[in-house]
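Here's the structure we're looking at; comments come further down.
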Amino acid sequence: MNQPASAYFLVNRSDEPETHTLSVLVDNEPGVLARVIGLFSGRGYNIESLTVSETEHETHLSRITIVTMGAPMVIEQIKNQLARLVPVHKVVDLTTSGAAIERELAMVKVRGKGDQRVEALRLADAFRARVIDATTESFVFEITGKGDKIDQFVALMQPLGLVEVARTGVAALNRGPEGM
Amino acid sequence: MTREMTGAEMVIQALIDQGVEDIFGYPGGAILPIYDEIYQQDNIRHILVRHEQGAGHAAEGYARSTGKVGVALVTSGPGATNMVTALTDALLDSIPVVCLTGQVPTHLIGNDAFQECDTVGITRQCTKHNWLVRSVDDLPRILHEAFYVAKTGRPGPVVVDIPKDVQFATGTYVGPKNIQHKTYRPRVKAETASVKAAVELMSKARKPIFYTGGGVINSGPEASHLLRELVRLTGFPITSTLMGLGAYPASDKQWLGMLGMHGTYESNLAMHDCDVMVCIGARFDDRITGRLDAFAPNSQKIHVDIDPSSINKNVQVDIPIVGDVAYVLEDMIRLWRSSAAQPDKAAIAAWWQQIDKWRARKCLAYTPRRDAIMPQYAIQRLYEMTKGKDVFITTEVGQHQMWAAQFFGFEEPNRWMTSGGLGTMGYGLPSAVGVQVAHPDSLVIDIAGDASVMMTIQEMSTAVQHDLPIKIFILNNQYMGMVRQWQQLLHGNRLSHSYMEALPDFVKLADALGCHGILCDHPDKLDDAIAEMTEVKKPVLFDCRVVNLANCFPMIPSGRAHNDMLLPDEATDEEIESAIGEDGKIMV
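Read top to bottom, the protein sequences are chains E and Y.
Using my numbering, you'd call the opening residue of the first sequence number 23 and step up by one each time.
Using my numbering, you'd call the opening residue of the second sequence number 784 and step up by one each time.
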């Protein structure tokens, strides 16, 4: 199991909460997600977003992407607490390990007629959202992007007849050729 | 080694292959196939307890006093839920325990079957790891992994939940040598650079202190041995947490006594004023640090711990060292010996002079009574009368526990079993059962309180059944003493439900249980009574009637700093009432 090097010197004493995206590689065994979530709820950490799926089927490895918020000392704790869970292979802080790419997918259902409908389509085009279902009085858009882009799109759809939204949560990878 | 056998047979074979000799348990429907195998073999001794919690604490006592893994075996449902306290206790004190639980057959799981509970769900947060075995093919691997996880790295409790059909099913047994855990490889050897930086910092110290904890004990006897060597080599003072007592001999002149909330004046002031703190296998718990913003304000801190999550959790340290205490100490000693830089002798001498001044304050002094037994006096006499004997001490939780820590001197590791992190009243008696099973010829004493002892008193029956001559030394003040002390400090002396009305006659109770009962209520008779207790070859309930209203000092009231202690001679009613401000009240 990867553990942080022993000689890390924390100098940042700021207590301002920071948002970090963590990538956690785990054995896909029963209860592993409950262990991770239980850790967060039991120790009072925040989960802003959580995405999980098996990513390597032959070795039964899942990748959990967690967006969390906390003071630097708390973020450090979260990483160490995650790393010591027995089925956890590796924890990488994508926020500190260089610029990471983060994407989220959302499906947005909008109901409307006439001008509103046209406006919704026009905005969807501007946001590069795709129409994946349509009736004479509704659309379901598929939009991919960073969380704030989706927030913005959803906000724009609100006056145009927004019905409901389903979001996947954040998936993230490091840039460059190296894996975690 | 591989061969065909049933799941229940695999359990016994795995225990044998893991070197287990004794297990603690209680049978029930879902675990009966394993009990049937226990019946048909002689390799493993089973100690029948009276309540599953007792099996858990006995396994903890066994583990803590031997350095081996303690094993408990219980049934599904209530058997498993009764284990939760003991598992949590073991988790907080890092005690290696393997708990095997029966489970309803696989096809009934989730059906609200008789004696079904979601054991892995319930114990997920109170174990280091747990497994539900869904197939007999997984059973041998999981059993061996369970022992590996329990004892490797920072030790802790694990649960293996085995459905009844898996116990009956036949499969291929695999021995421990063929099993390797996929992911779990804690780091034991520290980075040389960080150890080097630590030794360099130590060599520049003018007011250094070693602050050690249970991690030294968990690391094994070699760690205690190395700790002694390093402390003597450096000439630095040393203090320890409750969990670390015995790693360094209490009779040594460099020993300052325990630190923390009820620690000594000299150790707490030395912590507060130090310039270099060397924390080894301790975790800056809130009972240790007191007010965090006033904790050792002018110090640079080195922290050695096998668990990276213990580092920088409560207190930011300057030199973190992740590794097993014994390995790190070995490196420290080697580097210290080869290092040209040595601390300023005059500065260290001046530091000791200051410490001696604090020592002269005699913070543990109390006013002796001629007509009644002071609780501190009872512990002192118990210590003196058993000195040089092969003694193991367990405790319950409360004032008696703190007095035991203050007044009983420990010279060796693994001799002191107490519930530190969780603070489990009722821990000491079953823990003593476990210790006595591991050390049949030693003197095993549970220093108890009258309230705590009532929580697991039924385990005296276990002691009788298995000829375990444990001694339960009850400091009986007819109160939950520590609760009362806090009510005096926090709640205007309104003693809400802390008086133990209708306590049993412990001598008669001992008689009814088939034990030996002793009552002592006068200081003049105490030595003879203690001698009687140690000589009787039976379990003993010793009802030591002590002064009812004595309180435990010194004390750092919550919300105060190390250099702001309440000493016994200052503890007037008025001082006690105003000891904890509004902020401290929230902190408990």
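Positions of the beta carbon are idealized from the N, C-alpha and C atoms, including for glycine.
Any residues in the segment 1072–1091 of chain Y with a beta carbon nearer than 7 Å to a beta carbon of chain E? Which ones, in chain order?
1090 and 1091
Cβ neighbours of residue 179 of chain E in the same chain (closer than 7 Å, five flanking residues each side left out):
By 1-based counting over the first sequence, the position of residue 179 of chain E is 157. 130, 132 and 142, listed in sequence order.
Can you name the start and end residues of the beta strand (DSSP E) that residue 917 of chain Y belongs to?
Working through the second sequence from its first residue, we reach residue 917 of chain Y at position 134. Premise fails: residue 917 of chain Y is in no beta strand (DSSP E) and is neither H nor E.
Buried or exposed: where does residue 1211 of chain Y fall if 16 or more other Cβ atoms within 10 Å of its Cβ makes it buried?
Here residue 1211 of chain Y is taken as the residue at index 428 of the second sequence, counted from 1. Classification of residue 1211 of chain Y: buried, given that the 10 Å Cβ count is 16 or more.
Classify residue 893 of chain Y as helix, strand or coil using the three-state DSSP reduction.
The sequence position of residue 893 of chain Y within the second sequence is 110, counting from 1. Residue 893 of chain Y: coil per DSSP, three-state reduction.
The beta strand (DSSP E) with residue 1210 of chain Y in it runs from where to where?
Translated into positions along the second sequence, residue 1210 of chain Y becomes position 427. Counting along the chain, residue 1210 of chain Y falls outside any beta strand (DSSP E), and DSSP gives it neither H nor E.
Please classify residue 951 of chain Y: does DSSP put it in a helix, a strand, or coil?
Stepping through the second sequence from its first residue, residue 951 of chain Y is reached at position 168. Residue 951 of chain Y falls in the helix class under three-state DSSP.
Quick check: what's the CA-CA separation for residue 1122 of chain Y versus residue 1312 of chain Y?
Within the second sequence, residue 1122 of chain Y is the residue found at index 339, counting from 1. Within the second sequence, residue 1312 of chain Y is the residue found at index 529, counting from 1. Using only the alpha carbons, I get a separation of about 54 Å.
Using a Cβ-Cβ cut-off of less than 9 Å, give me the residues of the segment 959–974 of chain Y that come near chain E, in sequence order.
964, 965, 966, 967, 968, 969, 970, 973 and 974
Is residue 1207 of chain Y closer than 8 Å to residue 872 of chain Y when the C-beta atoms are compared?
By one-based count along the second sequence, residue 872 of chain Y stands at place 89. By one-based count along the second sequence, residue 1207 of chain Y stands at place 424. Contact: yes.
Would residue 159 of chain E pass as a contact of residue 151 of chain E if the rule is Cβ separation under 8 Å?
Position 137 of the first sequence, counting from 1, holds the residue named residue 159 of chain E. Position 129 of the first sequence, counting from 1, holds the residue named residue 151 of chain E. No, the Cβ-Cβ distance between residue 159 of chain E and residue 151 of chain E is not below 8 Å.
Please compile the residues from chain Y whose C-beta is within a distance smaller than 8 Å of the C-beta of residue 103 of chain E.
The residue given as residue 103 of chain E occupies position 81 in the first sequence. Near residue 103 of chain E (Cβ distances below 8 Å), the residues of chain Y are 1092.
What's the C-alpha gap between residue 117 of chain E and residue 46 of chain E?
If you number the first sequence from 1, residue 117 of chain E lands on position 95. If you number the first sequence from 1, residue 46 of chain E lands on position 24. For residue 117 of chain E and residue 46 of chain E, the distance between alpha carbons rounds to 13 Å.
What in chain E is Cβ-close to residue 907 of chain Y, meaning under 9 Å?
Within the second sequence, the letter at position 124 stands for residue 907 of chain Y. Here the neighbours are 53, 56, 57 and 60.
Should residue 139 of chain E go down as buried or exposed, given a rule of 16 or more other Cβ atoms within 10 Å for buried?
One-based indexing of the first sequence puts residue 139 of chain E at position 117. Buried: at least 16 other Cβ atoms inside 10 Å.
Contact set for residue 51 of chain E: own chain, Cβ-Cβ below 7 Å, skip 5 residues either direction
Locating residue 51 of chain E in the first sequence gives position 29, counting from the first residue. Same-chain partners within the cutoff: 109.
What first and last residue would you give for the alpha helix (DSSP H) that runs through residue 61 of chain E?
By 1-based counting over the first sequence, the position of residue 61 of chain E is 39. 54–64 is the span of the alpha helix (DSSP H), which, as asked, contains residue 61 of chain E.
In chain order, which continuous runs of the alpha helix (DSSP H) of length 4 or greater are located wholly inside the segment 130–173 of chain E?
137–148
Using a Cβ-Cβ distance under 8 Å, would residue 28 of chain E count as near chain Y?
Within the first sequence, numbered from 1, the residue matching residue 28 of chain E stands at position 6. Summary for residue 28 of chain E: the model assigns pLDDT 34, below 50, so the residue's position carries little reliability, and this model does not support an answer.
What does a CB cutoff of less than 8 Å around residue 1330 of chain Y pick up in its chain, not counting 5 residues either side in sequence?
If you number the second sequence from 1, residue 1330 of chain Y lands on position 547. Excluding sequence neighbours, residue 1330 of chain Y sits near 1152, 1155, 1156, 1157, 1158 and 1260.
Using a C-beta cutoff of 8 Å, does residue 900 of chain Y count as contacting chain E?
Along the second sequence, one-based indexing puts residue 900 of chain Y at 117. Chain E contact via Cβ: absent.
Give, in chain order, every residue of the segment 1094–1108 of chain Y whose Cβ lies closer than 8 Å to some Cβ of chain E.
1094, 1095, 1096, 1099, 1101, 1102, 1103, 1104, 1105 and 1106
Residues of the segment 108–123 of chain E with Cβ closer than 8 Å to any Cβ of chain Y, in chain order:
108, 109, 110 and 111
Return the chain-ordered list of same chain residues with a C-beta closer than 6 Å to the C-beta of residue 1266 of chain Y, the five sequence neighbours on each side being excluded.
Within the second sequence, numbered from 1, the residue matching residue 1266 of chain Y stands at position 483. Same-chain partners within the cutoff: 1281.
Give, in chain order, every residue of the segment 973–998 of chain Y whose Cβ lies closer than 9 Å to some Cβ of chain E.
973, 974, 976, 977, 978 and 980
Buried or exposed: which applies to residue 1256 of chain Y, given that a residue is buried once 16 or more other Cβ atoms fall within 10 Å of its Cβ?
Taking the first residue of the second sequence as 1, we reach residue 1256 of chain Y at position 473. So residue 1256 of chain Y ends up on the buried side.
In terms of residues, what are the limits of the beta strand (DSSP E) holding residue 994 of chain Y?
Here the question's residue 994 of chain Y lines up with position 211 in the second sequence. Where residue 994 of chain Y is concerned, the enclosing beta strand (DSSP E) stretches over 991–995.
Chain E contact residues for residue 903 of chain Y, given Cβ-Cβ distances below 7 Å
Here residue 903 of chain Y refers to the residue found at position 120 when the second sequence is read from its first residue. Per Cβ cutoff of 7 Å: 53.
Please list, in chain order, the chain B residues whose beta carbon lies closer than 9 Å to that of residue 912 of chain Y.
Among the protein chains in the structure shown, which are E and Y, there is no chain B.
Taking residue 102 of chain E as part of the alpha helix (DSSP H), name the residues at either end of that continuous run.
Here residue 102 of chain E corresponds to residue number 80 of the first sequence, with the count starting at 1. Counting along the chain, the alpha helix (DSSP H) containing residue 102 of chain E begins and ends at 94–105.
Out of Y:1128, Y:1238, Y:1115 and Y:813, which one is the CA nearest neighbour of residue 1012 of chain Y?
Within the second sequence, residue 1012 of chain Y is the residue found at index 229, counting from 1. Comparing Cα-Cα distances from residue 1012 of chain Y to each of Y:1128, Y:1238, Y:1115 and Y:813, the minimum goes to Y:1115.
Run the CB neighbour count on residue 781 of chain Y, radius 10 Å, all protein chains shown included, and call it buried at 16 or more, exposed below.
What is shown of chain Y runs 784 to 1371, which leaves residue 781 of chain Y out entirely.
Is residue 98 of chain E buried or exposed, if buried means 16 or more other CB atoms sit within 10 Å of its CB?
Position 76 of the first sequence, counting from 1, holds the residue named residue 98 of chain E. Buried is the call here.
Roughly how many angstroms lie between the CA atoms of residue 1008 of chain Y and residue 75 of chain E, to the nearest whole one?
One-based indexing of the second sequence puts residue 1008 of chain Y at position 225. One-based indexing of the first sequence puts residue 75 of chain E at position 53. Cα to Cα, the separation comes out at about 48 Å.
Any contact of the segment 1287–1306 of chain Y with the segment 1266–1275 of chain Y, i.e. 3+ C-beta pairs under 8 Å?
no
Can you tell me whether residue 1019 of chain Y is buried or exposed? The criterion is at least 16 other CB atoms within 10 Å of its CB, across all chains shown.
To locate residue 1019 of chain Y, count along the second sequence from 1; it is residue 236. Flag for residue 1019 of chain Y reads buried.
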